[in-house]
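**Q**
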Amino acid sequence: MTKLTRYIAFINLFALLWTAQVNGDSPRVAVASAHPLATEAGFEIIAKGGNVFDAAVAVSAALAVVEPAGSGLGGGGYWLLHRAKDHVETFIDGREKAPLAAHKAMFLDKSGKVIPNLSLNGALAAAIPGLPAGLVHLSEKYGQLTLAESLAPAIRYATNGFTITERHRRMLGSNVEVLKKDRYTSAIFLSHGSVPKSFSILKQPDLANTLKQLAESGRDGFYDGEVADKLVNGVRKAGGIWSQEDLDAYQVVERKPIKGSYQGITITSAPPSSSGGIVLLETLNILSGFDLQKIDEIIRKHLITEAMRRAYHDRALYLGDADFIDIPTQQLLSLDYAAGLRSTIRHDKALPSNYLSGDMPEQNQGTQTTHFSIIDEDDNRVAATLSINTAFGAGFAPEATGVLLNNEMDDFASLEGAMNVYGLVGAAANSIAPGKRMLSSMTPTFLETPERIAVLGTPGGSRIISMVLLGILDFAKGNNPDSWVSIPRFHHQFMPDVIEYEKAALSQDEITKLSTLGHQLKETKRNYGDMQAVQLNKLTKKLTASSDPRGVGKAWVSP
Ligand code: GLY
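What follows is the structure in structure tokens.
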């Protein structure tokens, strides 16, 4: 797609939307996603008479094509929905599941040690995808167009190709060694085993064909028949353990979202299999006993860090797939419990994390996954966070499918107390079991006050929750989406016992004073996250949308 054809397509889209709105066929909508073509796919579907749920199918599928580092048909995700006409609020859990042949020790050597990278690279790292089932469910139950109509933009992007971004090239550069190990995968994403030149066009005809099968046959187009055969055979040939039984058994689950409040803001967020909603609400409950607006900025950051430390500690101990374990959700979200944790926080001293549990070394943070937010003027909303885990997932696509597989098996605790790629530790609650969902940090979230409704979320591994937290604290100050997506970020996750921060997040004076309080600090190599946020002012009906300046996304509001 050249610049000129992109421009013409955009003008056509603008005209279509304008006509649909003037005729009263489409509501006004705000969309923010991590890629301009995905945002435009959402608007294309709105202009064709789709609702925000159809638009969410289109944006999810488009991201699978144009941002293959972050999410895809070979991965999973969560869609948090609000339907205005009947106030339905639900959470579609399309998280991947461990294959039925998976077992607790599958990534350990004979002496019981974790085999490095086995849960990250190649076919064994891949869990059973949930994204295709999620798209089918979302379209059939909540959409008003056909699945084929909503998948059309993604099929077009995969067939005609699109110009890759420098961000895409940078992420390819970090993953080239893994991607080039498999001849077929390398041929899709690399050029003779190297990162393609700037402005190269990426065409994905096999992925287009798989999307067409999904469009024509729904769930069976992916989980049964020709595509399923190719997936299972490809995975097994490459040392994986998938079977047709795994694909037959995969089902999305609708769950009740986690709900809570903070300073008069109603917060709706992700329940397990994500840790997002519980850790977010627990942190906010702890903070609700402090007047953060009136406290000195350094102590404010100290208290936020201490609250994160305690909530992430509970994440490590108690959270996992609620279909497999009992989670003490009521206790974790009770205000009394939060008050107890708050009483252990000193204003003048950090609590070393090993006072809560044994210390762990540090590891690198991945930054992948993707998020998009949609709201219309009638208050229908979707917050979706989708993932194949780290950039380009397992780095492996089964031959002739175009489907790059996830490496979400790494989100399980392969060994109690051992860290995953995000440095997260876990316990038995998140150990591997056949058919189990691995614990996630993805945190698609709604915020509501009498005046405003917001939809937000971001990629960024374990840092997702703290990014959403900082966004909410900024919303509480009365700021708008531009501010939430831009504010400099800092993060603490209990283990490793360190505040990680973007350069702009802490001044030298703050660094010195936080160190004096006993905190370890580490500046991140680069800025992180890619928050996408939209807002509806209930009183004026004004829509706003913002895309994180750290990324290349596009936020747009109907003309
Ligand atoms: N794969 C990252 C997460 O789900 O938290």
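Numbering of the sequence shown is given in this note's numbering, commencing with residue 1096 and proceeding in unit increments.
We put the CB at the ideal spot given by N, CA and C, even for glycine.
1) For the ligand GLY, which residues have a Cβ under 6 Å from at least one heavy atom, in chain order?
2) Could you check if SER1557 is buried or exposed, using at least 16 other CB atoms within 10 Å of its CB as the buried criterion?
3) In the stretch 1189 to 1270, which residue ranges form an unbroken beta strand (DSSP E) of at least 3 residues, counting only runs that do not cross its ends?
4) Just confirm the distance between the C-beta atoms of LEU1375 and THR1538, as a whole number of angstroms; I'd bet it's less than 8 Å.
5) In this structure, how does DSSP classify VAL1327 when only helix, strand and coil are distinguished?
6) If we count Cβ pairs, one from each stretch, closer than 8 Å, do we get three or more for the stretch 1148 to 1168 versus the stretch 1118 to 1136?
7) Under the assumption that GLY1145 contacts GLY1238 (Cβ atoms under 8 Å), give the Cβ distance between them as a whole number of angstroms.
8) Do HIS1408 and MET1626 count as a contact pair if the criterion is CB distance below 9 Å?
9) Would you tell me roughly how many angstroms separate the C-alpha atoms of GLY1119 and PHE1138, rounded to the nearest one?
10) Evaluate GLY1225 with the Cβ neighbour count: other Cβ atoms within 10 Å of its Cβ, from every protein chain shown; 16 or more gives buried, anything less gives exposed.
11) Which residue marks the beginning of the alpha helix (DSSP H) containing ILE1470, and which one marks its end?
12) Once DSSP output is grouped into helix, strand and coil, what is the label at LEU1616?
13) How about the stretch 1191 to 1207 and the stretch 1285 to 1293: do they share at least three Cβ pairs that are nearer than 8 Å?
14) Can you name the start and end residues of the alpha helix (DSSP H) that GLN1339 belongs to?
15) Roughly how many angstroms separate the alpha carbons of LEU1638 and GLN1358, rounded to a whole number?
16) Report the start-end ranges of each beta strand (DSSP E) in the stretch 1341 to 1390 that is 3 residues or longer and not cut off at the edges.
17) Pull the bridge partners of HIS1586 from the DSSP assignment, please.
18) Could you give the residue range of the beta strand (DSSP E) that holds THR1639?
19) Given a cut-off of 9 Å on the beta-carbon distance, is the pair ILE1483 and GLY1167 in contact?
20) Per DSSP, what kind of secondary structure is GLY1316 in: helix, strand or coil?
21) For ASP1577, I'd like the list of residues in its chain whose CB is within less than 6 Å of its CB, leaving aside the five on either flank, ordered along the chain.
22) Can you grab the Cα-Cα spacing for the pair PRO1554 / SER1526, in whole Å?
23) Relative to the C-alpha of TYR1345, which residue among LYS1192, PRO1366, VAL1550, ILE1582 is closest?
24) Examine the Cβ distances between the stretch 1594 to 1602 and the stretch 1420 to 1433 and report whether three or more of them are shorter than 8 Å.
25) Is ALA1127 closer than 9 Å to GLU1629 when the C-beta atoms are compared?
26) Does the distance from the C-beta atom of LEU1233 to that of PHE1148 stay below 9 Å?
27) Quick one, are the C-beta atoms of PHE1507 and LYS1531 less than 9 Å apart?
28) Report yes if the CB atom of ALA1478 is closer than 9 Å to the CB atom of LEU1551, and no otherwise.
29) Check GLU1494 in the structure and name its three-state DSSP category.
30) Out of ALA1179, ASP1343, LEU1342, PRO1366, state which residue places its alpha-carbon closest to the alpha-carbon of ILE1353.
31) Give me the Cα-Cα distance between ARG1437 and LEU1309, rounded to the nearest whole angstrom.
**A** Answer, in terms of the structure:
1) Result (chain order): THR1464, SER1482, ASN1484, GLU1503, ASP1506, SER1535, SER1536, MET1537, GLY1556.
2) As a working note, residue 1557 is residue 462 in the sequence shown. It counts as buried.
3) If we require 3 residues or more, the stretch 1189 to 1270 turns out to have no beta strand (DSSP E) run fully inside it.
4) Within the sequence shown, residue 1375 is the residue found at index 280, counting from 1. Within the sequence shown, residue 1538 is the residue found at index 443, counting from 1. In this structure, LEU1375 and THR1538 form a Cβ contact; the two beta carbons are roughly 6 Å apart against a cut-off of 8 Å.
5) Position 232 of the sequence shown, counted from the first residue, corresponds to residue 1327. Here DSSP, grouped into helix, strand and coil, assigns VAL1327 to helix.
6) The answer is yes - the stretch 1118 to 1136 touches the stretch 1148 to 1168, with three or more Cβ pairs under 8 Å.
7) What you label residue 1145 is simply residue 50 of the sequence shown in a count that begins at 1. What you label residue 1238 is simply residue 143 of the sequence shown in a count that begins at 1. Contact holds; Cβ gap of about 7 Å.
8) Taking the sequence shown and counting its residues from 1, the one referred to as residue 1626 is at position 531. Taking the sequence shown and counting its residues from 1, the one referred to as residue 1408 is at position 313. It is not a contact, given that the beta carbons lie outside the stated cut-off.
9) Here the question's residue 1119 lines up with position 24 in the sequence shown. Here the question's residue 1138 lines up with position 43 in the sequence shown. If I take the Cα positions, the gap works out to 15 Å.
10) Numbered from 1 along the sequence shown, position 130 holds the residue referred to as residue 1225. Looking at its Cβ environment, which holds 16 or more other Cβ atoms inside 10 Å, GLY1225 is buried.
11) Within the sequence shown, residue 1470 is the residue found at index 375, counting from 1. Run containing ILE1470: none in the alpha helix (DSSP H); it sits in the beta strand (DSSP E), 1465 to 1471.
12) As a first step, residue 1616 must be located in the sequence shown, where it is residue number 521. LEU1616 sits in a strand when the DSSP states are folded into three classes.
13) Contact between the stretch 1191 to 1207 and the stretch 1285 to 1293 is absent, because fewer than three Cβ pairs lie under 8 Å.
14) Taking the first residue of the sequence shown as position 1, residue 1339 is located at position 244. Per DSSP, GLN1339 belongs to the alpha helix (DSSP H) from 1339 to 1344.
15) Sequence index remark: in the sequence shown, residue 1638 carries index 543 (1-based). Sequence index remark: in the sequence shown, residue 1358 carries index 263 (1-based). C-alpha of LEU1638 to C-alpha of GLN1358: approximately 23 Å in a straight line.
16) Taking only runs of at least 3 residues, the beta strand (DSSP E) segments lying wholly in the stretch 1341 to 1390 are 1348 to 1350, 1353 to 1357, 1360 to 1364.
17) Looking up residue 1586 in the sequence shown gives position 491. HIS1586 pairs with GLU1595.
18) The residue labelled residue 1639 in the question sits at position 544 within the sequence shown. Residues 1638 to 1642.
19) Within the sequence shown, the letter at position 388 stands for residue 1483. Within the sequence shown, the letter at position 72 stands for residue 1167. Taking a C-beta distance under 9 Å as the contact criterion, ILE1483 and GLY1167 qualify as a contact pair.
20) Here residue 1316 refers to the residue found at position 221 of the sequence shown. Reduced to three states, the DSSP call for GLY1316 is helix.
21) Your numbering for residue 1577 matches position 482 in the sequence shown. Taken in chain order, the residues that qualify are SER1641.
22) Numbered from its first residue, the sequence shown carries residue 1554 at position 459. Numbered from its first residue, the sequence shown carries residue 1526 at position 431. Rounded to whole angstroms, PRO1554 to SER1526 spans 23 Å at the Cα level.
23) Against the sequence shown, residue 1345 aligns to sequence position 250. The shortest Cα separation from TYR1345 among LYS1192, PRO1366, VAL1550, ILE1582 belongs to LYS1192.
24) Output reads no: the stretch 1420 to 1433 does not touch the stretch 1594 to 1602.
25) As a first step, residue 1629 must be located in the sequence shown, where it is residue number 534. As a first step, residue 1127 must be located in the sequence shown, where it is residue number 32. Here residue 1629 is Val; the residue named in the question, Glu, does not match the sequence. Contact: yes.
26) For this step, residue 1233 is matched to residue 138 along the sequence shown. For this step, residue 1148 is matched to residue 53 along the sequence shown. Cβ distance < 9 Å, so LEU1233 and PHE1148 count as in contact.
27) For the purposes of this step, residue 1507 is identified with residue 412 of the sequence shown, where counting begins at 1. For the purposes of this step, residue 1531 is identified with residue 436 of the sequence shown, where counting begins at 1. Contact flag set, yes.
28) Taking the sequence shown and counting its residues from 1, the one referred to as residue 1478 is at position 383. Taking the sequence shown and counting its residues from 1, the one referred to as residue 1551 is at position 456. Yes, the pair counts as a contact, with Cβ atoms nearer than the cut-off.
29) If you number the sequence shown from 1, residue 1494 lands on position 399. Secondary structure of GLU1494 (DSSP, three-state): coil.
30) Looking up residue 1353 in the sequence shown gives position 258. The residue with the shortest Cα to Cα distance from ILE1353 is PRO1366.
31) Taking the sequence shown and counting its residues from 1, the one referred to as residue 1437 is at position 342. Taking the sequence shown and counting its residues from 1, the one referred to as residue 1309 is at position 214. Going from the Cα of ARG1437 to the Cα of LEU1309 covers about 50 Å.
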